[in-house]
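Undergrad: My numbering puts the first residue of the sequence shown at 1053, with every later residue one more than the last.
Structure provided below as structure tokens; questions to follow.
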Amino acid sequence: MLRVENLHLAYGRVTALRGVSLAVEPGAMVSIIGPNGAGKTSLLGAIAGDVAAQSGRILFDGAELRGLPSDAIVRRGIALVPEGRHIFASLTVRENLTLGATIRADRAAARADIDRFLSIFPILRERAGQPAGRLSGGEQQQLAIARALLARPRLLMLDEPSLGLAPKIIDQVYDYLAEVRREGVAVLVVEQNAGRALAASDSIHVLNGGTVRLSGSGAEVMQHAGFDSAYFGVAL
1053 MLRVENLHLA YGRVTALRGV SLAVEPGAMV SIIGPNGAGK TSLLGAIAGD VAAQSGRILF
1113 DGAELRGLPS DAIVRRGIAL VPEGRHIFAS LTVRENLTLG ATIRADRAAA RADIDRFLSI
1173 FPILRERAGQ PAGRLSGGEQ QQLAIARALL ARPRLLMLDE PSLGLAPKII DQVYDYLAEV
1233 RREGVAVLVV EQNAGRALAA SDSIHVLNGG TVRLSGSGAE VMQHAGFDSA YFGVAL
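Written as structure tokens, this is what we have:
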């Protein structure tokens, strides 16, 4: 499904990604972990078309994405839930959800999907007419995920979905991500909560200094003798 090959990205003289490669198969959950400043958010941004990589390939179903605008990438079937959720605080919960379906031409089906997500997340139904800015952090995360899924992606990307959330809410978010996978949607997640990522994912990539230092299943990565060095080590 998704193939990232030898991706390089820099902001002026600051290099963010150095030859990053990874793959996400249909229905799989892949996590990217690493310290702050490792390049994790830059990688998702490059895949989503929000930032431009200087070289390498980003392939989705064999077609090159690098150079496409972000709206075209959404139409190809990739949606991003950014760090901080980026909901529209002054708009109502329902209006935020409606924005998630703007790329769709099937208006009746889109309205039905909005109602479905309001049922999946009861707190969103309860507050559908209220400004989204009044929601708690966990409720905003539910809204951000639902809004992204309204584009009917085949790959859902999330940047730090557990950041600032209580453990119980994190459980709820990951329970729903498991349900998303059962519906055939692949998940690529950047996560500071390494333990959560290791437990939930089919494969893990440890990113540090813009380079993938270690890859494997959760068990393989956790038991690898070089895990601490890969995660905490200083990039050369």
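Beta carbons: idealized from backbone N, C-alpha and C, even for Gly.
Following the continuous alpha helix (DSSP H) through F1284, name the residue where it begins and the one where it ends.
TA: Residue numbering aside, residue 1284 sits at position 232 when the sequence shown is read from its first letter. Unbroken alpha helix (DSSP H) run through F1284: F1279 to F1284.
Undergrad: Less than 6 Å between C-beta atoms, sequence neighbours within five positions excluded: which residues of the same chain meet that for I1221?
TA: Counted from its first residue, the sequence shown places residue 1221 at position 169. Taken in chain order, the residues that qualify are G1190.
Undergrad: Pair every Cβ in the stretch 1096-1105 with every Cβ in the stretch 1207-1215, then say whether three or more of these pairs are closer than 8 Å.
TA: Cβ pair count under 8 Å is three or more, so yes.
Undergrad: Quick check on the DSSP output: the beta strand (DSSP E) that includes S1083 runs from which residue to which?
TA: Stepping through the sequence shown from its first residue, residue 1083 is reached at position 31. Where S1083 is concerned, the enclosing beta strand (DSSP E) stretches over M1081 to I1085.
Undergrad: State the Cα-Cα distance for the pair L1288 and R1265, rounded to the nearest angstrom.
TA: Numbered from 1 along the sequence shown, position 236 holds the residue referred to as residue 1288. Numbered from 1 along the sequence shown, position 213 holds the residue referred to as residue 1265. Because the pLDDT at L1288 is just 38, under 50, the model does not fix this residue reliably, and the point stays unresolved.
Undergrad: Can you have a look at H1257 and say buried or exposed, based on whether 16 or more other CB atoms are within 10 angstroms of its CB?
TA: Within the sequence shown, numbered from 1, the residue matching residue 1257 stands at position 205. H1257 comes out buried.
Undergrad: Going by beta-carbon coordinates alone, are A1105 and S1122 separated by less than 7 Å?
TA: If you number the sequence shown from 1, residue 1105 lands on position 53. If you number the sequence shown from 1, residue 1122 lands on position 70. No, Cβ-Cβ distance for A1105 and S1122 is not below 7 Å.
Undergrad: Buried or exposed for D1280, please, with buried defined as at least 16 other CB atoms from any protein chain shown within 10 angstroms of its CB.
TA: Position 228 of the sequence shown holds residue 1280. Exposed, by the Cβ-count rule.
Undergrad: With F1169 as the anchor, note down where its beta strand (DSSP E) starts and where it stops.
TA: Taking the first residue of the sequence shown as position 1, residue 1169 is located at position 117. It is not in any beta strand (DSSP E) - F1169 instead sits in the alpha helix (DSSP H) that spans R1159 to I1172.
Undergrad: Does the contact criterion of 3 or more C-beta pairs under 8 Å hold for the stretch 1239-1246 versus the stretch 1077-1090?
TA: These segments touch.
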